[in-house]
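K.L.:
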Amino acid sequence: MGVSSARRPENSLITVIMRAGSLVPVDETTCQVWWAAPGLARSWHEELLTPAESDRMIRFRRQEDRNRLVVGNALLRLTVAQALGCPVEQVDIGRSCPDCQKPHGKPTVVGHDLHVSVSHSGNRIAVAITRVAEVGVDVEQVDPRTPIAELLANVLSPGEAAEDMDFHTRWARKEAVLKATGLGLRTRMSKLTLGPTGLVAFTGRPDLVGSCSLHDLKPGPGYAAAVAVLTDQPVTVAEHDGSWLLDRGDDA
């Protein structure tokens, strides 16, 4: 189900962006990562949600959780709109789960050769967009309360050692790869082995070794983040502040 079924303010934000000459093209060798924060949520962002997304938002009790969902979905659609140079209401995002066909799967841009991924944690929201290949992005808030010792058995592969890498960095890198494949956390992270050069082994998916471009991101202090693009070609990662996309010029 895409945004074509959702309501949208009469003044199309993308029209303003195009008039200002601020479009950021997505070329054939670049992966863009756009950053935002839940505090940027505005009421008109909710009008970009599909009915299924609105229902999910309402089920959240905490306002900050609602804001993460709203801003994540708004930023996703606005980055796609500015990449395509079209009104945001023409962006159709599919989320069909390959297992149950319910709308909670990996997001896809219907009808276009764009690949996207969304992640949020704490005060960070990230949207990755590229034409290169399937992409996955993950951001993790570094929480001292995380039960690292309890989680390591499910995260480390037999070829890895805990001291080789920061826990949250390893988690972000592995989840980015799993999101790019569309498998997500249905697959145990222990099936993946990471080395200094990136992905060096993947039980059940050996084809991805040498065909996964993995990059650490710069989410700021207190966070770890990574993006994975499933290609054996060089990829340039460009990070952008997404706040201007979310700002219509008013406080509505």
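Note that my numbering has the sequence shown beginning at 997, numbered continuously upward.
Ideal Cβ positions, reconstructed from N, Cα and C, are used throughout, including at glycine.
#1: Buried or exposed for LEU1071, please, with buried defined as at least 16 other CB atoms from any protein chain shown within 10 angstroms of its CB.
#2: Does DSSP put VAL1066 in a helix, in a strand, or in coil?
#3: Less than 7 Å between C-beta atoms, sequence neighbours within five positions excluded: which residues of the same chain meet that for SER1186?
#4: Sort out for me which residues DSSP pairs SER1153 with in a bridge.
#5: In chain order, what residues of the same chain have a beta carbon less than 6 Å from the beta carbon of GLU1060, not counting five sequence neighbours either side?
#6: What's the call for ILE1121, buried or exposed, on a 16-neighbour Cβ count within 10 Å?
#7: With a threshold of 7 Å on Cβ separation, who are the neighbours of GLY1107 within its own chain once the five nearest residues in sequence on each side are excluded?
#8: Counting C-beta neighbours from all protein chains within 10 Å, is the total for GLY1017 16 or more, i.e. buried, or is it exposed?
#9: For GLN1137, name the three-state secondary structure that DSSP assigns.
#10: Report the rounded CA-to-CA distance for ARG1055 versus ASN1063, giving the unit in angstroms.
#11: ALA1172 and VAL1133 look like a contact to me (Cβ under 8 Å); what is the Cβ gap, rounded to whole Å?
P.N.:
So, from the listed chains and residues:
#1: buried
#2: helix
#3: ASN1150, VAL1151, LEU1152, SER1153
#4: The partner list for SER1153 (beta bridge, DSSP) is empty, contrary to what the question assumes.
#5: PRO1034
#6: buried
#7: ASP1088
#8: With a pLDDT of 45 at GLY1017, under the threshold of 50, the predicted position of this residue should be treated as unreliable, and no value is reported.
#9: strand
#10: 12 Å
#11: 6 Å
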